[in-house]
Amino acid sequence: MKKFSVLTLLYFIVTATAFSQEDIKWLTFEEAAIATNSNPKMILVDVYTDWCGWCKKMDKETFTNPEVIAYVNENFYPVKLHAEKTDRKFSFKGKEYTEASMAKTMRVTSFPNFVIMDATMENITQLPGYREPKPFIDGLDGIVKRFSK
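Heads up: the sequence shown is residues -20 to -1, 1 to 129, going by mature numbering (1 follows the signal peptide of the UniProt record, and there is no 0).
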């Protein structure tokens, strides 16, 4: 009976932890622009498409990793940008864009692609392709250290 109680308690702790796992706080492009105006921080733009298998793998495996979630939420305003979406328009630096036209403006030609912007929303660099959690954090960390004050 004691064994059953301990196993039951352990099950509930593991289940509660799994369901309480925080997610990356994805923003729209315009939400990130507003946020960085009031509290400057770098922007991580995940440029993806619906048909991209590697994009789905990033969402399923890398963006659910607790270390990736914590690192991205702490150091960036993360943005999801659908590279083929043309139905939603937004203004940025005096021009009107769709997600698709912004992806083209950023010169993204492969997916997934991660555009890193500084706090003034100027493009710094791109990290193209699928990345497992540790290499993804390492790549982002190198950029943060290089371009932070």
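Ideal Cβ placement from N, Cα and C applies to all residues, glycine included. Owing to the predicted nature of the structure, the values given are computational and were not obtained by experimental measurement.
Which runs of the beta strand (DSSP E) at least 3 residues long sit entirely within the stretch 44 to 110? Give them in chain order. Complete beta strand (DSSP E) runs here, min 3: 56 to 62, 69 to 72, 75 to 78, 93 to 97, 103 to 108.
Alpha-carbon to alpha-carbon, E47 and L61: Counted from its first residue, the sequence shown places residue 61 at position 81. Counted from its first residue, the sequence shown places residue 47 at position 67. So the two alpha carbons sit approximately 22 Å from each other.
Shortest alpha-carbon distance to A50 belongs to which of Y110, P92, W6? Sequence index remark: in the sequence shown, residue 50 carries index 70 (1-based). Nearest of Y110, P92, W6 to A50, Cα basis: W6.
How is the beta strand (DSSP E) around L24 delimited, first residue to last? If you number the sequence shown from 1, residue 24 lands on position 44. Per DSSP, L24 belongs to the beta strand (DSSP E) from 22 to 28.
For P113, collect the residues of the same chain with a Cβ closer than 7 Å to its Cβ; drop the 5 residues on either side in sequence, then sort them by chain order. The count along the sequence shown starts at 1 and reaches residue 113 at position 133. Only T42, N45, E47, V48 meet the Cβ criterion.
Cβ pair P92, I4 closer than 8 Å: As a position in the sequence shown, residue 92 is number 112, starting the count at 1. As a position in the sequence shown, residue 4 is number 24, starting the count at 1. Contact: no.
Cβ-based burial, E79 [other Cβ within 10 Å; buried from 16]: Translated into positions along the sequence shown, residue 79 becomes position 99. Looking at its Cβ environment, which holds 16 or more other Cβ atoms inside 10 Å, E79 is buried.
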